[in-house]
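Residue numbers (our numbering): 9 to 350.
Here's the structure, in structure tokens; my notes come after.
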């Protein structure tokens, strides 16, 4: 058990994919926490709703690999965020800092390196994003989900932990449930794509569809169809009741679905790292992958899943077995080791 006086900074945001694993750790590891996120992202409400009351925000720049006039402004935002990070660390005096990716963590990683505060980076996606590539040389340890990810980092730093998820139990509604989600900020392309299949789903299933706060204009008005903007605290409970989850391919939600042994249909964001995530799972028969816009494949997969409970159970079981099962406990051990070493 951690000393109650230990101080830990959690940093992530912009989307919620980098937030959920950190909250899973905070729920299970006793310490004084400060969560550092973006100024205008969805993470503040999510963090506060899940029991962490100490939140600070900093400016964050996104380092795009293509020309965009925002790159010029983001350069100065990143510098601003760096000085804000220095101030936060000097004031809070953390024993360790944890991040699961995102550009808001980059200035914090640099500040931690300068101030000699241990920094752990968690790599979720199969393909390493630019933010984690920038932070890897500054980190004391890099945690990964799958053995295949070890080749992307220095072996001296890599620790295989799995992806921390909050402890939840699978439950069922009286009527089967399909959950559709594009993540914390939603996905208009996904919403448009799946709308053609919702009447078919409603023949046998209740459908809960999460749009994101800016996409609610895409919702439908049909019996048994439940459009939602976003749930700050009830999404995980609803996932536990789902028979089928149709989702983008962020590793945070995938990990939660894996812990619940749920059948996944993944529609990755086109041209993004999510395609690698979905392809990896499909290769291991742990989920169905559908490219956005491929209506024939989507229809074929849904027809199979809607009528074949054994197939749903098999996909969920394969997904569960693919992920390490003691991620939270392994992360707690790693934190203790790092704190005792320092």
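Backbone N, C-alpha and C fix where the C-beta goes; we use that ideal spot for every residue, glycine too.
Keep in mind the model is a prediction, meaning the values are calculated, not measured.
For this session: Within the same chain, show all residues whose beta-carbon is closer than 6 Å to that of residue 292, passing over the 5 residues directly before and after it, in chain order.
Result: 330
Problem set entry | Among 246, 102, 120, the one whose alpha carbon lies nearest that of residue 218 | 246
Problem set entry | Environment of residue 124 [buried if 16+ CB atoms lie within 10 Å] | exposed
For this session: Given a cut-off of 7 Å, decide if residue 120 and residue 105 are closer than it, judged by their beta-carbon atoms.
Result: yes
Exercise. If we ignore side chains and look at the alpha-carbon of each, how far apart do residue 215 and residue 320 end up?
Worked result: 17 Å
Problem set entry | Member of 280, 251, 51 whose CA lies at the smallest distance from the CA of residue 258 | 280
Exercise. Hey, how far is the Cα of residue 44 from the Cα of residue 54?
Worked result: 13 Å
For this session: Examine the Cβ distances between the stretch 14 to 23 and the stretch 88 to 107 and report whether three or more of them are shorter than 8 Å.
Result: yes
Problem set entry | Exposure label - residue 204; buried when at least 16 CB within 10 Å | exposed
Problem set entry | Those residues which DSSP pairs with residue 19 across a bridge | 44, 107
Problem set entry | Status (buried if at least 16 other CB within 10 Å, exposed otherwise) for residue 147 | buried
For this session: Take residue 184 as the anchor and find which of 252, 171, 335 has the nearest alpha-carbon.
Result: 252
Problem set entry | Element boundaries [beta strand (DSSP E), containing residue 214] | 214 to 218
Exercise. Start and end of the alpha helix (DSSP H) containing residue 114?
Worked result: 113 to 123
Exercise. Does the stretch 160 to 170 touch the stretch 330 to 342, meaning 3 or more C-beta pairs lie closer than 8 Å?
Worked result: yes
Exercise. Of all the options 162, 134, 153, which has the alpha carbon lying nearest to the alpha carbon of residue 143?
Worked result: 162
Problem set entry | Helix, strand or coil at residue 344 [DSSP, three-state] | helix
For this session: Take residue 272 as the anchor and find which of 225, 228, 231, 189 has the nearest alpha-carbon.
Result: 189
Problem set entry | Span of the beta strand (DSSP E) around residue 272 | 271 to 274
Exercise. Tell me which same chain residues have a C-beta within less than 7 Å of the C-beta of residue 93, skipping the five on either side of it?
Worked result: 66, 115, 116, 119
Problem set entry | Close-in-space but distant-in-sequence residues of the same chain around residue 298 (CB under 8 Å, 5 per side omitted) | 273, 274, 275, 305, 306, 309
For this session: Identify every run of the beta strand (DSSP E) within the stretch 271 to 343, keeping only runs that are complete inside it and at least 3 residues long; order them along the chain.
Result: 271 to 274
For this session: List in chain order: all unbroken alpha helix (DSSP H) runs of 4+ residues lying wholly within the stretch 231 to 255.
Result: 243 to 249
Problem set entry | Beta-carbon spacing of residue 150, residue 165 below 7 Å | yes
Exercise. Among 56, 34, 317, which residue has its Cα nearest to the Cα of residue 212?
Worked result: 317
Exercise. Taking residue 29 as the reference, which of 230, 175, 210, 101 has the closest Cα?
Worked result: 175
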